[in-house]
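**Student:** My questions all concern the structure below.
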Ligand code: COA
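In our numbering, the protein residues as written are -8 to 301.
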């Protein structure tokens, strides 16, 4: 990407109020808090009930706009990463436009399906469109109602996921330190290792192997595309699928876990929402600029790595 200067000017997230603990699962499945926590690092997750992927996306958008005191009328591009919309059309992004009251503006809206890597994919697409000069302000959202697509009888998958949404607003930057780099990719899963058809079906062990292999490789690759070394990165923001996967990446790359943002204990795996929720929580407490590396992986198979300032 030439002249690749992009800044994030707003962060926000939204999770439904209702919380489901590991003990809640033990009421209807043969499982335990001890099994779930030691195998995954998850203690609880938020579950939406009535609120759809669109509701979650809209609330995250509103919180992002409020947090950054942003003029909604400036937004001319909305991209939502999601795999859980009940509607094939309109897209979630299209309905967010309507709810934000900017239907009369010139806005391009669409959704991206790249499973848990979707948010990082969306960041690259949004950045490219901003750099093309055709758009000036991109609202990028990851929103998932995973509770609507899990098989509640399958104890090896339903305990992993949670609902929520996170968002950022991107603009072109003039600051030479705001260079962005992306390494997004995929490897076709024609064996059904992680499919949603119509509910989540997964070979957990195979997914685990894929994740611990691809994450360090993708981190290395995006670093090679940039002028930076691992030690130049302040924070790693990994997709939250399993704490053991993150610990394995840290060990593999000889990094302290302090370098990784983690909130899986509280939210579980919220798919494309996990990275923007982490970002929003972090930025609500830390205002100084940091160089971050985002790293996601997911069904497809897909992976996404990005270096951006936050
Ligand atoms: N509670 C209790 N026992 C459970 C259980 C649960 N919730 N889920 C599975 N088990 C049982 C299994 O039935 C199996 O029993 P068996 O030995 O009698 O057959 C045993 O626990 C071990 O299962 P296994 O699948 O080997 O566990 P694991 O250590 O591989 O952990 C996952 C399972 C799903 C936690 C792990 O494989 C994982 O996290 N994979 C990656 C998944 C992922 O990240 N997906 C999203 C990608 S974006």
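C-beta: ideal position from N, C-alpha, C; glycine also.
The structure displayed is predicted, hence computed values, not measured ones.
For the pair the segment 117 to 135 and the segment 203 to 216, tell me if three or more CB-CB distances fall below 8 Å.
**Tutor:** Too few Cβ pairs lie closer than 8 Å, so no.
**Student:** Pick out whichever of 98, 13, 167 has its Cα sitting closest to the Cα of residue 32.
**Tutor:** Of the listed residues, the one whose Cα sits closest to residue 32 is 13.
**Student:** Quick check on this structure: which residue in 37, 55, 28 has the alpha carbon closest to the alpha carbon of residue 7?
**Tutor:** Residue 7 has its Cα closest to that of 37, out of 37, 55, 28.
**Student:** Kindly examine ligand 1 and report whether one of its heavy atoms sits closer than 7 Å to the Cβ of residue 170.
**Tutor:** No, Cβ of residue 170 sits at least 7 Å from all heavy atoms of ligand 1.
**Student:** Closer than 8 Å is the cut-off here; do at least three beta carbon pairs connect the segment 96 to 107 with the segment 142 to 162?
**Tutor:** Not touching, per the Cβ criterion.
**Student:** Could you tell me if residue 247 is buried or exposed, where buried requires 16 or more neighbouring beta carbons within 10 angstroms of its beta carbon?
**Tutor:** With fewer than 16 other Cβ atoms within 10 Å, it is exposed.
**Student:** Say yes only if the C-beta of residue 27 is nearer than 7 Å to one or more non-hydrogen atoms of ligand 3, and no if none qualify.
**Tutor:** Annotation note on ligand 3: not contained in the displayed structure, which lists ligand 1 as its ligands.
**Student:** Just how far apart, CA to CA, sit residue 69 and residue 78?
**Tutor:** One C-alpha to the other measures close to 17 Å.
**Student:** State the Cα-Cα distance for the pair residue 293 and residue 185, rounded to the nearest angstrom.
**Tutor:** Rounded to the nearest angstrom, the two C-alpha atoms are 11 Å apart.
**Student:** Whose C-beta lies closer than 6 Å to the C-beta of residue 274 among residues of the same chain, with five residues either side of it excluded?
**Tutor:** Closer than 6 Å at the Cβ level, and outside the excluded window around residue 274, lie 2.
**Student:** Which stretch, first to last residue, makes up the beta strand (DSSP E) that contains residue 177?
**Tutor:** First-last of the beta strand (DSSP E) with residue 177: 172 to 177.
**Student:** Under 7 Å from any heavy atom of ligand 1, does the C-beta of residue 147 make it?
**Tutor:** True, at least one ligand heavy atom lies under 7 Å from that Cβ.
**Student:** How many Å lie between residue 140 and residue 231 at the Cα?
**Tutor:** Computed Cα separation, rounded: 18 Å.
**Student:** Any idea which residues DSSP pairs residue 185 with across the strands?
**Tutor:** Answer is 193, bridged to residue 185.
**Student:** Under a three-way DSSP split, which group does residue 136 fall into?
**Tutor:** Correct three-state label for residue 136: strand.
**Student:** With distances taken from CA atoms, which of 4, 35, 298 is nearest residue 170?
**Tutor:** When only C-alpha atoms are compared, the closest one is 298.
**Student:** Using the beta-carbon count (16 or more within 10 Å), is residue 167 buried or exposed?
**Tutor:** Exposed: under 16 other Cβ atoms inside 10 Å.
**Student:** Roughly how far, in whole angstroms, is the beta-carbon of residue 111 from the beta-carbon of residue 285, given that I think they are within contact range, below 8 Å?
**Tutor:** Contact flag correct, Cβ pair sits at about 5 Å.
**Student:** Taking all protein chains shown into account, do 16 or more other C-beta atoms lie within 10 angstroms of the C-beta of residue 67, making it buried, or fewer, making it exposed?
**Tutor:** Buried, since its Cβ has 16 or more Cβ neighbours within 10 Å.
**Student:** Determine the contact status of residue 283 and residue 236, defining contact as a CB-CB distance below 8 Å.
**Tutor:** Cβ atoms of residue 283 and residue 236: not closer than 8 Å.
**Student:** Which residues bound the beta strand (DSSP E) around residue 5?
**Tutor:** Here the beta strand (DSSP E) through residue 5 covers -3 to 5.
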